[in-house]
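Residue numbers (our numbering): 999 to 1297. C-beta atoms are modelled at their ideal positions from N, C-alpha and C, and glycine is treated no differently. To start, the structure under review is shown below, and the notes come after it.
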Amino acid sequence: MTPLRATSGTAAPERDTSPITVDTDTDTEKHLTITVRIDASGPYRFVVDTGADRTVLATDVATELGLVFRENVMLEGVVRAVKAETVTIRELSIGMVRYQTLVVPTLPRSTLGADGYLGLDTLDGHRVTFDFKNHTLQIGAPHSRLSTLLVRDNEARIRTVGSSGHLRALNCMVDGVRAAAFIDSGADLSAGNTALFDALANRNPSYGDIGRISLVDVTGGETSGNVTLVKKIQIMELEITDCPLVIADFKVFDVWGLTQRPALLIGMNFLRRFSKVSIDYGLKELRFDQASLIAPVLV
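Take a look at the structure:
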C-alpha cells in the first residue's frame, strides 16, 4: 500500500497539456511504472501514484544528479509520517510533457522501492488514462464539457467531487453500505477502514475475516490488516464483484477526515480488472472501459 501525502506545498509546475502516450511496465509490487527524465538525465522508472499529493524522488537518484538537499517536509504514508529533505528538479519530462521547477521530497530507495513516484502535483489538471490492455499511459488536457454527453458502449462514467486531485466517486455502495471511494493507483491492494467493516458487519453478522496480511508503506512504516471479501462494490452504474479488501485504520483515512465514516481506496488489484481507466481531473470524472474485463485478482 503506497498512498503518500505531504503537509508542505510545492511550486506549481509549468505544464504542456498536449496529449502524450508512453509505454508502461509493472514492478514487483504490481505498480504501474513509466519512464521519466530528470534534468535531461535518465531514464528513471517512476510509479504513477494518483493517491500521492506530491512527486517523490529516491535519495540515491537525487545524489546521483547532484541535487542540493534543503528544507524538510512531513510526509504522511498510510501508516506513519516522516520528515523528508527536499530537492529542486529543474525539469521533469514524460515524453514531450515537461514540468519545470518541481520541489520534491526524497525518500530512501529501500523504502520507496523505485526511482520515484509521480504524484498529483504533475497529474492534477490533466486527463490521465491507464490503458491496461495496451500497456500505455496517456496524459493530456481535460475533455470539454460537451464530451460528458458522449458515453461509449461498455463504458461507465462516474462523476466525482473534490479538489487538488482528491476526487471522491459519487454514489458508492459496498454491499449496501454507502462509502467514500477514492482511486489510488499507488496502492497495490484495495483497502477499507474499520468504519466500513463495522457497517458491513452490522448489516450482515456473517461478515468476517478470511486472512491477515502485513503491509509496508513507502515511508517504511509497517502494520497489518485483516482481509474480508465483499460481494459487490457499486459506483453509479459500475459494478465490481468478488472484492477482497484489506481492513485497517490507515493514517491516510484520518488525514482525509474519514476515520468515523465508511471509506475505501480502490487500488491496482481492482483497476486492472478493466481494459482502460481514465481520470479526468478537469471535468472531475472517471471512465471505466468494461469491454474487456480481466479476471478478479484475489489477495
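Cβ neighbours of residue i in the same chain (closer than 6 Å, five flanking residues each side left out)
| i | result |
| --- | --- |
| C1170 | A1177, A1179 and I1233 |
| A1060 | V1085 and T1104 |
| V1159 | R1166 |
| D1199 | Note that residue 1199 corresponds to Ala in the displayed sequence, not to Asp. Excluding residues within five positions, the ones whose Cβ falls inside 6 Å are Y1205. |
CB-CB length for residue i against residue j, believed under 8 Å
| i | j | result |
| --- | --- | --- |
| V1102 | I1087 | 6 Å |
| R1157 | A1139 | Not a contact, Cβ separation roughly 19 Å. |
| R1035 | S1091 | 5 Å |
| M1266 | A1185 | 7 Å |
| D1196 | L1263 | That belief does not hold up - the Cβ atoms of D1196 and L1263 are roughly 17 Å apart, past 8 Å. |
| T1048 | L1118 | 7 Å |
| T1221 | A1193 | Not quite, the Cβ-Cβ distance comes to about 17 Å (not below 8 Å), so this is no contact. |
| D1113 | A1050 | Their Cβ separation, rounded to whole angstroms, is 14 Å, which puts D1113 and A1050 out of contact at 8 Å. |
| V1214 | E1074 | Contact flag wrong, Cβ pair sits at about 15 Å. |
| G1093 | Y1279 | Actually they are not in contact, since the Cβ atoms of G1093 and Y1279 sit about 18 Å apart, beyond 8 Å. |
Selection from the options that minimises the alpha carbon distance to residue i
| i | options | result |
| --- | --- | --- |
| S1188 | V1020, A1082 and P1242 | P1242 |
| V1045 | D1037, F1128, N1202 and G1223 | F1128 |
| I1018 | L1121, A1193, Y1042 and D1025 | L1121 |
| V1225 | V1244, L1213 and E1235 | V1244 |
| S1204 | K1229, R1210, V1216 and I1211 | K1229 |
| L1110 | S1162, G1163 and T1026 | T1026 |
| R1150 | L1227, G1123 and K1274 | K1274 |
| F1130 | S1108, V1095 and L1030 | L1030 |
| G1163 | L1116, P1260, A1261 and L1135 | L1116 |
| P1106 | Q1098, R1270, L1135 and T1217 | T1217 |
| R1270 | P1260, G1255, I1238 and A1261 | I1238 |
Beta bridge counterpart(s) of residue i as assigned by DSSP
| i | result |
| --- | --- |
| Y1279 | None; Y1279 has no bridge partner. |
| P1103 | T1084 |
| Y1042 | V1034 |
| L1269 | None; L1269 has no bridge partner. |
| N1115 | It should be pointed out that residue 1115 corresponds to Tyr in this sequence rather than to Asn. Per DSSP, V1045 and V1054. |
| T1158 | A1167 |
| G1190 | I1245 and L1262 |
| V1225 | G1209 and V1244 |
| F1286 | A1154 and V1275 |
| K1230 | T1239 |
| F1362 | Residue 1362 is absent from the model: the chain starts at 999 and stops at 1297. |
Same chain, Cβ closer than 7 Å to residue i, five either side skipped, listed in chain order
| i | result |
| --- | --- |
| K1081 | N1070 and M1072 |
| L1063 | I1036, D1037 and S1039 |
| I1211 | S1222, G1223, V1225, V1244 and V1297 |
Assigned exposure category for residue i - 16 Cβ within 10 Å defines buried
| i | result |
| --- | --- |
| I1277 | buried |
| H1133 | exposed |
| G1206 | exposed |
| D1023 | exposed |
| G1219 | buried |
| G1190 | buried |
| T1005 | Unreliable positioning characterises T1005 in this predicted model, as indicated by a pLDDT of 44, which lies under 50. The coordinate reading is nonetheless provided below. It is exposed - the Cβ of T1005 has fewer than 16 other Cβ atoms within 10 Å. |
| V1054 | buried |
| R1143 | exposed |
| S1249 | In the sequence as displayed, the identity of residue 1249 is Lys instead of Ser. K1249 should be labelled buried. |
| F1251 | buried |
| K1231 | A quick correction: the sequence has Ile, not Lys, at residue 1231. I1231 is buried by the Cβ-count criterion. |
| R1068 | exposed |
| R1003 | Since pLDDT at R1003 reaches only 44, below the 50 mark, its modelled position is unreliable, and the value read off the structure follows with that caveat. Counting Cβ neighbours within 10 Å, R1003 comes out buried, since at least 16 surround it. |
| I1208 | exposed |
| L1135 | buried |
| L1065 | buried |
Neighbourhood of residue i by C-beta distance below 8 Å, restricted to the same chain and skipping five residues each side
| i | result |
| --- | --- |
| R1201 | D1173, G1174 and V1175 |
| D1042 | It should be noted that the sequence gives Tyr, not Asp, for residue 1042. So the qualifying residues of the chain are T1033, V1034, R1035, I1036, V1059, D1113 and G1114. |
| L1236 | A1154, I1156, F1286 and Q1288 |
| K1282 | R1157, T1158, V1159, G1160 and L1165 |
| Q1258 | A1193 |
| S1145 | L1281 |
| D1014 | Its pLDDT being 47, under 50, D1014 is placed unreliably in this model, and the coordinates cannot settle the point. |
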